[in-house]
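Here the protein sequences come in this chain order: A and B. Heads up, the first sequence is in my numbering, so the first residue is 1 and it goes up one at a time. Heads up, the second sequence is in my numbering, so the first residue is 1 and it goes up one at a time.
Number of protein chains: 2
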Amino acid sequence: MSDLARRVAELAAAAKAAARPVALASAAVREAALRGAARAIREDEAAILAANAEDVAAARAKGLAEAMLDRLRLDPARLAAVAGACEEVAALPDPVGEAMESWTRPNGLRITRRRVPIGLVAIIFESRPNVTVDAAALCLKSGNACVLRGGSEAIRTNLALARAFGRGLAGAGLPAAAATLLPFTEREAVPALASLRGVVDIIVPRGGPGLIAAVTEAAKVPVIKHDAGICHVYVHAAADLDQALAITLNAKCQRPSACNAAETVLVDAAVAPAFLPRLAAALAERRTELRACPRALPLAPGSRPATEDDFRTEHLGLVLNAKVVDGLDEAVAHIAAFGSAHSDAILTRDEPAARAFLARVDSACVYWNASTRFTDGGEFGFGAEVGISTERLHARGPMGIRELTTWKFEVVGDGQVRA
Amino acid sequence: MSDLARRVAELAAAAKAAARPVALASAAVREAALRGAARAIREDEAAILAANAEDVAAARAKGLAEAMLDRLRLDPARLAAVAGACEEVAALPDPVGEAMESWTRPNGLRITRRRVPIGLVAIIFESRPNVTVDAAALCLKSGNACVLRGGSEAIRTNLALARAFGRGLAGAGLPAAAATLLPFTEREAVPALASLRGVVDIIVPRGGPGLIAAVTEAAKVPVIKHDAGICHVYVHAAADLDQALAITLNAKCQRPSACNAAETVLVDAAVAPAFLPRLAAALAERRTELRACPRALPLAPGSRPATEDDFRTEHLGLVLNAKVVDGLDEAVAHIAAFGSAHSDAILTRDEPAARAFLARVDSACVYWNASTRFTDGGEFGFGAEVGISTERLHARGPMGIRELTTWKFEVVGDGQVRA
Chain A
1 MSDLARRVAE
11 LAAAAKAAAR
21 PVALASAAVR
31 EAALRGAARA
41 IREDEAAILA
51 ANAEDVAAAR
61 AKGLAEAMLD
71 RLRLDPARLA
81 AVAGACEEVA
91 ALPDPVGEAM
101 ESWTRPNGLR
111 ITRRRVPIGL
121 VAIIFESRPN
131 VTVDAAALCL
141 KSGNACVLRG
151 GSEAIRTNLA
161 LARAFGRGLA
171 GAGLPAAAAT
181 LLPFTEREAV
191 PALASLRGVV
201 DIIVPRGGPG
211 LIAAVTEAAK
221 VPVIKHDAGI
231 CHVYVHAAAD
241 LDQALAITLN
251 AKCQRPSACN
261 AAETVLVDAA
271 VAPAFLPRLA
281 AALAERRTEL
291 RACPRALPLA
301 PGSRPATEDD
311 FRTEHLGLVL
321 NAKVVDGLDE
331 AVAHIAAFGS
341 AHSDAILTRD
351 EPAARAFLAR
361 VDSACVYWNA
371 STRFTDGGEF
381 GFGAEVGIST
391 ERLHARGPMG
401 IRELTTWKFE
411 VVGDGQVRA
Chain B
1 MSDLARRVAE
11 LAAAAKAAAR
21 PVALASAAVR
31 EAALRGAARA
41 IREDEAAILA
51 ANAEDVAAAR
61 AKGLAEAMLD
71 RLRLDPARLA
81 AVAGACEEVA
91 ALPDPVGEAM
101 ESWTRPNGLR
111 ITRRRVPIGL
121 VAIIFESRPN
131 VTVDAAALCL
141 KSGNACVLRG
151 GSEAIRTNLA
161 LARAFGRGLA
171 GAGLPAAAAT
181 LLPFTEREAV
191 PALASLRGVV
201 DIIVPRGGPG
211 LIAAVTEAAK
221 VPVIKHDAGI
231 CHVYVHAAAD
241 LDQALAITLN
251 AKCQRPSACN
261 AAETVLVDAA
271 VAPAFLPRLA
281 AALAERRTEL
291 RACPRALPLA
301 PGSRPATEDD
311 FRTEHLGLVL
321 NAKVVDGLDE
331 AVAHIAAFGS
341 AHSDAILTRD
351 EPAARAFLAR
361 VDSACVYWNA
371 STRFTDGGEF
381 GFGAEVGIST
391 ERLHARGPMG
401 IRELTTWKFE
411 VVGDGQVRA
């Protein structure tokens, strides 16, 4: 084991030791810790913004693109939002101890399936420093300790935020190690963390393909990954074309960098001549490139030919693939072959067709007459989200604080023995 | 990739291709397939028993112990029970498509979390051939395809059972590959199967420490392991000692080879002088060895000193450890340090003490005044069980057909777009 791996293991072990006190703390204590963390972040405004200015200067010196610098940058308003988000999580209903179901057996045993924390949650992320506080807050709200590893370019900011968060924990009588930020920028820290079986109970990578691959290759603990979204909008023959146009534009253009943005529109041949010219014009207004299959190309002025690779690509920008299909079967087959089982929509006024699509498309979120952009913990009403899981097990789709819990069975008897 | 690994991958890919037809089949079709499989098993009685006789003869020639030979052996009555179990699974309520919860957002979006199959389930087991049919039946009932790998000593029996099961599938119009038994007895087949990311959606190892370790080391897919149970019975100072004696004897002696059997009894110092002599006498009658801590030793005639290792051992036989503790805190601390978070019981008439134990012991199943032996899918009312998961995520404790499903979110709107 390298020296760095050993230091990662030591910090994770300290965080793990803090998991039981957090799990056993009352909801009121955990809420007080979160409110204290928000206060501490506000108190530390000057120090956090100074650390952030250093991060931004270092990133600029390294030639980071302006869009990336903007994601990294904090200002008083953004920092106030970070503290406010922490208070919003504090105000969520507490999931710990909730009775998920309860029943009595014929022999009189009373069984309750009760929500309990997972233990030590590792979250690895790349992007904006606000994720540091969001992730720690969600873990604490769900009764877990966490060990966090943020992007190296935000390390000074993240350390300053974590210090403030730790003061919030300590102020409520909880160990500051219950929210541990790894102070290492080396890439090696990621596999070191992912291999700590028996210490880390779950690891959640949020980020690009390189990060996801590094975690899944090294993982010796359960992984809930937040991977790419190759999402589809299927304009069925019986679609309301005005509505279909509005939804398709929203799914593609409203925030094209999001994983729930659409990459491909599938259009039934019957409506393609009516729909594709309007779509092409509207996309042109939005400076969005249309990449079209051979049948769509002549119907979509300004489009250029799509390659097969395009249909497998998460564009993360203002590029939309279009393909003409001959009905539901071909649409479902295309989604199965090219999609990432994230979020896919059918737009139609035909209920049987819609029900068939919802049943047959094997994606985390399937939509009828709504934009795929709603795949989001906040939009689903979960209050806040860890992210969008692309796993099939334990957490699938929007992942809120409930998905940061597991359960135990409480069995109450009056002397029952097994015959 | 070795030749064997390639053949495992090919068979798994064929099973995976069968997963969608099974997932999309109606409940009636899957139930018909299970009833057909039971019929086919009865029709093939002669062939299955002949294959089994070969397995038993080969195992005897290899010097397998008589107890193991008995686990391997089928006779007409046991085979009828195998077919009957298949019909019992067929009669369970169908979990596929069940609405787990449903709600409407302020913007009018209607969201339903609906149960769907996982996909391709791999189950690796060592023991009796009836597991082959049980496992295949549970996977089919929950809409999954499966690939099974049984113990090498049962290979002829398992292949004969799998042939019959496949006829049941085919008779209902489902691909026989949806229940694939690996025909390989080589150990290498286990890591080959566990590494098939993107093909195998979940792998469930049921067996001894060697099998569990082989799967978890090699796994590149989510694992739900069924590991050891080091279970405790804690006789609290306020226990009804008659009841405590009956429960302790049941937890240890009723089926000592089960993972939910108790390995250790913790006895409060206040009641140890009254309880331990009675326990020692009752255990002696049941030819059960008592290994006692220094404080318990003089109170338990016939006991011998326990080592620290004893408290960490799943004895799987008629051996019980005893330790005198000074109250709830020490009992909870001992369970945290030596237990396997499987099943632990407190025996007491003191409700606050019981509630504290249920909350503070972080095990899959926590009991108050009942035997740990109830940790079982059938006893919990799940109808049948895949086993007892010792994982924290997705399935914890008794694992029934619901735990062989995941979910999708169906979102129904009337044109909603995200602002």
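Even for Gly, the Cβ is constructed at its ideal location relative to N, Cα and C.
Practice task
Identify whether Ile420 of chain A lies in helix, strand or coil by the three-state DSSP scheme.
Solution key: Nothing about residue 420 of chain A can be read from this structure; chain A reaches only from 1 to 419.
Practice task
Give me the Cβ distance between Val8 of chain A and Ala178 of chain A, rounded to the nearest whole Å; I'm assuming they're in contact under 8 Å.
Solution key: The sequence position of residue 8 of chain A within the first sequence is 8, counting from 1. The sequence position of residue 178 of chain A within the first sequence is 178, counting from 1. Going by Cβ atoms, the distance from Val8 of chain A to Ala178 of chain A rounds to 17 Å, so no, they are not a contact pair.
Practice task
State the CB to CB distance for the pair Ala269 of chain B and Val325 of chain B, rounded to an integer number of angstroms; the pair is presumed to be in contact (CB under 8 Å).
Solution key: As a working mapping, residue 269 of chain B is identified with position 269 in the second sequence. As a working mapping, residue 325 of chain B is identified with position 325 in the second sequence. Indeed they touch by this definition, with Cβ atoms about 7 Å apart.
Practice task
Drop a sphere of 10 angstroms on the beta-carbon of Pro129 of chain A, count the other beta-carbons inside from all chains shown, and report buried for 16 or more, exposed for fewer.
Solution key: Taking the first sequence and counting its residues from 1, one reaches residue 129 of chain A at position 129. Under this definition Pro129 of chain A is a buried residue.
Exercise for the section: Could you tell me whether any Cβ in chain A is nearer than 8 Å to the Cβ of Tyr234 of chain B? Expected result: Stepping through the second sequence from its first residue, residue 234 of chain B is reached at position 234. Judged by the 8 Å Cβ criterion, Tyr234 of chain B is not in contact with chain A.
Exercise for the section: Would you mind stating whether Val424 of chain B and Glu289 of chain B have Cβ atoms separated by less than 8 Å? Expected result: Given that chain B is displayed from residue 1 to residue 419, the structure contains no residue 424 of chain B and the question cannot be resolved.
Handout entry: Contact with chain B by Lys408 of chain A, beta-carbon distance below 8 Å
Key = The residue given as residue 408 of chain A occupies position 408 in the first sequence. Output row for Lys408 of chain A: interface = yes.
Exercise for the section: Would you please verify whether the beta carbon of Cys293 of chain A is less than 8 Å from any beta carbon of chain B? Expected result: For this step, residue 293 of chain A is matched to residue 293 along the first sequence. Chain B contact via Cβ: absent.
Exercise for the section: Verify the CB distance criterion: does Ala370 of chain B have a CB-CB separation below 8 Å to chain A? Expected result: As a position in the second sequence, residue 370 of chain B is number 370, starting the count at 1. Chain A contact via Cβ: present.
Problem - Interface residues of chain A facing His394 of chain B [CB-CB closer than 7 Å] - result: Counting from one through the second sequence, the residue named residue 394 of chain B turns up at place 394. Result: Leu393 and His394.
Practice task
Give the single residue among B:Arg278, B:Leu74 and B:Gly166 whose Cα lies nearest to the Cα of Ala154 of chain B.
Solution key: Numbered from 1 along the second sequence, position 154 holds the residue referred to as residue 154 of chain B. Nearest option by C-alpha distance: B:Leu74.
Problem - CA nearest to the CA of Gly208 of chain B, picked from B:Ala284, B:Glu126, B:Leu182 and B:Gly198 - result: As a working note, residue 208 of chain B is residue 208 in the second sequence. Here the closest residue by C-alpha is B:Glu126.
Handout entry: Partner residues on chain B for Asn250 of chain A, Cβ-Cβ distance less than 7 Å
Key = Position 250 of the first sequence, counted from the first residue, corresponds to residue 250 of chain A. Chain B residues near Asn250 of chain A: Val417 and Arg418.
Exercise for the section: With 8 Å as the limit, tell me which residues of the region 112–130 of chain A have their beta carbon closer than that to any beta carbon of chain B; keep them in chain order. Expected result: Taking a C-beta cut-off of 8 Å against chain B, the contacting residues of the region 112–130 of chain A are Val116, Ile118 and Gly119, listed in chain order.
Handout entry: Any chain B beta carbon closer than 8 Å to Ile48 of chain A
Key = In the first sequence, residue 48 of chain A corresponds to position 48, counting from 1. No, its Cβ sits nowhere closer than 8 Å to a Cβ of chain B.
Problem - For Met1 of chain A, the three-state DSSP class (helix, strand or coil) - result: Mapped onto the first sequence, residue 1 of chain A falls at position 1. Of the three classes helix, strand and coil, the one that applies to Met1 of chain A here is coil, per DSSP.
Problem - Under 8 Å between C-beta atoms of Arg291 of chain A and Asn321 of chain A - result: On the first sequence, position 291 is the one that residue 291 of chain A refers to. On the first sequence, position 321 is the one that residue 321 of chain A refers to. Taking 8 Å as the Cβ cut-off, Arg291 of chain A and Asn321 of chain A qualify as a contacting pair.
Handout entry: Cutoff 8 Å: Phe380 of chain A Cβ touching any chain B Cβ
Key = The residue you call residue 380 of chain A lines up with position 380 of the first sequence. At least one chain B Cβ lies under 8 Å of Phe380 of chain A.
Problem - Per DSSP, the bridge partner or partners of Val324 of chain A - result: Residue mapping note: residue 324 of chain A aligns to position 324 of the first sequence, counting from 1. Paired residue(s): A:Val267.
Practice task
Mind listing the chain B neighbours of Leu24 of chain A? Cutoff is C-beta to C-beta under 7 Å, in chain order.
Solution key: Residue numbering aside, residue 24 of chain A sits at position 24 when the first sequence is read from its first letter. Arg360, listed in chain order.
Handout entry: Expected contact under 8 Å - CB spacing of Arg206 of chain A and Ile123 of chain A to nearest Å
Key = Mapped onto the first sequence, residue 206 of chain A falls at position 206. Mapped onto the first sequence, residue 123 of chain A falls at position 123. That belief holds up - the Cβ atoms of Arg206 of chain A and Ile123 of chain A are roughly 7 Å apart, short of 8 Å.
Problem - Beta-carbon gap between Ile401 of chain A and Ser142 of chain A smaller than 8 Å - result: Stepping through the first sequence from its first residue, residue 401 of chain A is reached at position 401. Stepping through the first sequence from its first residue, residue 142 of chain A is reached at position 142. Closer than 8 Å, so yes.
Exercise for the section: Output yes if chain B places a C-beta closer than 8 Å to the C-beta of Val319 of chain A; else output no. Expected result: Residue 319 of chain A sits at position 319 when you count from the first residue of the first sequence. Taking Cβ atoms only, chain B never reaches closer than 8 Å to Val319 of chain A, which makes this a no.
Handout entry: Nearest candidate by alpha-carbon position, reference Lys408 of chain B, set B:Ala244, B:Arg114 and B:Ala46
Key = By 1-based counting over the second sequence, the position of residue 408 of chain B is 408. The candidate whose alpha carbon is nearest that of Lys408 of chain B is B:Arg114.
Practice task
Give a yes or no on contact between the region 354–372 of chain A and the region 330–345 of chain A, applying the rule of three or more CB pairs nearer than 8 Å.
Solution key: yes
Practice task
With DSSP as the reference, please indicate the residues paired to Thr390 of chain A in a beta bridge.
Solution key: For this step, residue 390 of chain A is matched to residue 390 along the first sequence. Looking at the DSSP assignment, Thr390 of chain A forms no beta bridge with any residue, so it has no partner.
Exercise for the section: Could you tell me which residues DSSP pairs with Ala262 of chain B in its beta bridges? Expected result: Residue 262 of chain B sits at position 262 when you count from the first residue of the second sequence. In the DSSP secondary-structure assignment, Ala262 of chain B is bridged to B:Cys231.
Practice task
Label Glu43 of chain B either buried or exposed according to how many other C-beta atoms from any shown protein chain fall within 10 Å of its C-beta, with 16 as the threshold for buried.
Solution key: Within the second sequence, residue 43 of chain B is the residue found at index 43, counting from 1. Residue burial is scored here from C-beta neighbours: Glu43 of chain B has fewer than 16 other C-beta atoms within 10 angstroms and is therefore classed as exposed.
Exercise for the section: Taking only the alpha-carbon atoms, compute the straight-line gap between Ser389 of chain B and Leu299 of chain A and give it to the nearest angstrom. Expected result: By one-based count along the second sequence, residue 389 of chain B stands at place 389. By one-based count along the first sequence, residue 299 of chain A stands at place 299. Computed Cα separation, rounded: 55 Å.
Exercise for the section: Please confirm if Arg402 of chain A has its CB atom under 8 Å from at least one CB of chain B. Expected result: Indexing the first sequence from 1 puts residue 402 of chain A at position 402. So no, Arg402 of chain A is outside the interface.
Problem - Contact under 8 Å by Cβ, Leu140 of chain A with Thr180 of chain A - result: As a first step, residue 140 of chain A is located in the first sequence; it is residue number 140 there, counting from the start. As a first step, residue 180 of chain A is located in the first sequence; it is residue number 180 there, counting from the start. Cβ atoms of Leu140 of chain A and Thr180 of chain A: not closer than 8 Å.
Handout entry: Whole-number beta carbon distance between Ala218 of chain A and Ala194 of chain A, since they are thought to touch under 8 Å
Key = For the purposes of this step, residue 194 of chain A is identified with residue 194 of the first sequence, where counting begins at 1. For the purposes of this step, residue 218 of chain A is identified with residue 218 of the first sequence, where counting begins at 1. Right, the Cβ-Cβ distance comes to about 4 Å (below 8 Å), so this counts as a contact.
Problem - Short CB-CB distance (under 8 Å) between Phe275 of chain A and chain B - result: Numbered from its first residue, the first sequence carries residue 275 of chain A at position 275. Output row for Phe275 of chain A: interface = no.
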